[in-house]
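Written as structure tokens, this is what we have:
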């Protein structure tokens, strides 16, 4: 479903949700004005095409609202093409979101995952942090924006 139709259906332009062919939500994206934060929560399974659709939705919201941070929580995503998910952290993606005003990205991974910690901002890249707990990521973003 095109993003414009998605917004008309839910009447809230700061909120997007994406469903798979079975009608199950695999990603919810919400713009939080008070924090200038885009919050993504993934769950279940997502195909390569589905992940690309979310990426386009994220870019559309970033073009529409002032946003300095992204909180990307993939803890409950059981299956998704890892190469496509990796694109969300690659240089091209980081440059695109930085050009749209994002200074920080917090990725929340599975609690058993090894995380690289925080990668400082440089050369047009936002600062990127990796966490295993949602609240740790949110606290890091809040400290950075204070």
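Numbering (UniProt numbering), first residue to last: 1 to 146. Even for Gly, the Cβ is constructed at its ideal location relative to N, Cα and C.
Considering only their Cβ atoms, is the gap separating residue j from residue i smaller than 8 Å?
{"i": "residue 73", "j": "residue 134", "result": "yes"}
{"i": "residue 129", "j": "residue 106", "result": "yes"}
{"i": "residue 29", "j": "residue 16", "result": "yes"}
{"i": "residue 78", "j": "residue 117", "result": "no"}
{"i": "residue 31", "j": "residue 42", "result": "no"}
{"i": "residue 110", "j": "residue 75", "result": "yes"}
{"i": "residue 62", "j": "residue 108", "result": "no"}
When you compare each of the options to residue i by their alpha carbons, which one comes out closest?
{"i": "residue 101", "options": "14, 131, 127", "result": "127"}
{"i": "residue 47", "options": "66, 39, 32, 18", "result": "18"}
{"i": "residue 14", "options": "118, 65, 26, 136", "result": "65"}
{"i": "residue 69", "options": "92, 53, 58, 75", "result": "58"}
{"i": "residue 21", "options": "50, 132, 31", "result": "50"}
{"i": "residue 92", "options": "141, 55, 114, 113", "result": "55"}
{"i": "residue 113", "options": "96, 139, 119, 131", "result": "131"}
{"i": "residue 138", "options": "24, 39, 53, 115", "result": "39"}
{"i": "residue 142", "options": "122, 52, 103", "result": "103"}
{"i": "residue 122", "options": "35, 53, 99", "result": "99"}
{"i": "residue 147", "options": "67, 53, 23", "result": "One cannot answer for residue 147 here, as it falls past the ends of the chain, which runs 1 to 146."}
With a cut-off of 8 Å, does the C-beta of residue i fall near any C-beta of chain C?
{"i": "residue 65", "result": "Here there is only one protein chain, and chain C is not present."}
Need the endpoints of the alpha helix (DSSP H) that residue i sits in, please.
{"i": "residue 54", "result": "48-64"}
Quick check on the DSSP output: the beta strand (DSSP E) that includes residue i runs from which residue to which?
{"i": "residue 44", "result": "37-45"}
{"i": "residue 67", "result": "First-last for residue 67: undefined, no H or E at that position."}
{"i": "residue 19", "result": "15-19"}
{"i": "residue 25", "result": "25-32"}
Say yes only if the C-beta of residue i is nearer than 7 Å to one or more non-hydrogen atoms of the ligand MG, and no if none qualify.
{"i": "residue 48", "result": "The ligand MG is not part of this structure, which contains no ligands at all."}
Exercise for review: Can you check the segment 87-141 for any beta strand (DSSP E) of at least 3 residues that lies completely inside it and give the ranges in chain order?
Suggested key: 104-108, 127-131, all fully within the segment 87-141.
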